[in-house]
Amino acid sequence: MKNPVHPGTVLRDLYLGPLELTITDAAKGLGVTRKTLSQLINGHQAVTPDMALRLAEAFNTTPQLWLNMQQNYDLREAEKKVKTHTVTHFWAPSQSRNAKVV
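First residue of the sequence shown? That's 138 in the numbering used here, and the numbers climb one at a time after it.
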């Protein structure tokens, strides 16, 4: 998996920057505090469903875009930390990882 960037970086570089929006002005427009938006932009806070709805409305995107970016970022960060080789397998080698759950 390619190293996904934090959604805050995307917000800063692809949305706020080109629109020449300050964090203060963007925070006001989104209805959040400057501190909240600053933490998101600097990668210290995750995109929540609430924030995803606000960003989608403000920038004509979808909440799923923001939540998917966050999920991809979180999964990559977890992959760096979790030692899956220490996990016991509870499936037979003949089973597919994508087996249908009934």
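Glycine included, each C-beta is placed from N, C-alpha and C at the ideal position.
Asked	Found
LEU192 and PRO200 closer than 9 Å at C-beta	yes
GLY166: first and last residue of the uninterrupted alpha helix (DSSP H) it sits in	160-167
Assigned exposure category for ALA229 - 16 Cβ within 10 Å defines buried	exposed
Spatial neighbours of GLY168 in its chain, beta-carbon cut-off 7 Å, leaving aside the 5 residues before and after	ARG191
Beta-carbon spacing of ALA163, LEU151 below 9 Å	no
6 Å CB neighbourhood of HIS143 in its chain, flanking five on each side removed	GLY180, TYR210
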